[in-house]
Amino acid sequence: MIWIVIIGLIVILPFLLVIFSGAPYVPTFTRDLEDIFKEVKLPQKAIVVDLGSGDGRLLLIAAQRGYTAIGYEINPILWLISVWRLRKYPNAHTYLRSLWKADVREADLVFTFLNKIYAGRLEKKLLAEMKPGSYFSSFGFAYGNLELIKKHRANHIYKL
Ligand SMILES: C[S@@+](CC[C@H](N)C(=O)[O-])C[C@H]1O[C@@H](n2cnc3c(N)ncnc32)[C@H](O)[C@@H]1O
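Numbers -8 to 151, taken from our numbering, label the letters of the sequence shown in order.
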């Protein structure tokens, strides 16, 4: 009985703890993720980064389009799922690492679906690190100091 409780905690805890570091796991609909790629003009060899990449669904869409897809995820269960999901795509990489340590300097498109309370901190990071002309897409929440180029359903797309 005690083992069932321990295993249950090991599975559930990562899903609870992320609430205090970014956002709980709520996957974005594939349709909404595909829409982003219709709205932005990316170079052929673009680098697409998902900050808090969940089960890797955005990375899969980006990798299938031939882009380099890079995800940062701190929930080890979701990270393992994304590693498995992306196993056939050498152009996709997921790191079991905090998004706050992500390198976004070379990114052409950064996507995130994070809790609004982290918007200010993330905005500072993006403004300091992302290159001019690159895109940032936030699902769910608006970012006040960035140039909004398109809002489509819950997707906010910005140009740096
Ligand atoms: C709302 S979900 C979005 C998942 C995925 N990007 C999608 O759109 O389907 C937020 C994700 O961020 C992850 N997360 C939360 N805090 C994080 C952090 N500090 N570093 C990396 N990932 C984090 C959660 O585990 C969760 O998978």
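Even for Gly, the Cβ is constructed at its ideal location relative to N, Cα and C.
Start and end of the alpha helix (DSSP H) containing residue i?
i: Ser73; result: 67 to 76
i: Thr21; result: 21 to 30
i: Ile(-7); result: -7 to 8
i: Arg48; result: 48 to 55
Could you pull the start and end residues of the beta strand (DSSP E) that residue i belongs to?
i: Glu138; result: 138 to 143
Going by DSSP, what residues sit across from residue i in a beta bridge?
i: Tyr109; result: In the DSSP output, where bridge partners are listed per residue, Tyr109 has none listed.
i: Tyr149; result: Phe127, Leu139
i: Val40; result: Ile61, Val101
i: Tyr86; result: Tyr63
I want to see whether chain B comes within less than 8 Å of residue i, judged by CB atoms only; does it?
i: Ile148; result: Here chain B cannot be found, since the structure has a single protein chain.
Could you tell me whether the Cβ atoms of residue i and residue j are closer together than 8 Å?
i: Thr59; j: Ile27; result: no
i: Leu137; j: Tyr149; result: yes
i: Pro161; j: Pro67; result: The structure shown has nothing for residue 161, since the chain only spans -8 to 151.
i: Leu87; j: Trp70; result: yes
i: Glu114; j: Val95; result: no
i: Arg48; j: Thr21; result: yes
i: Asp41; j: Leu50; result: yes
i: Leu90; j: Gly43; result: yes
i: Phe132; j: Ala110; result: yes
i: Leu151; j: Leu105; result: no
i: Ala14; j: Tyr63; result: no
i: Ser129; j: Thr103; result: yes
i: Gly9; j: Ile61; result: Sequence inspection shows Val at residue 9; the Gly mentioned does not correspond to that position. Taking 8 Å as the Cβ cut-off, Val9 and Ile61 do not qualify as a contacting pair.
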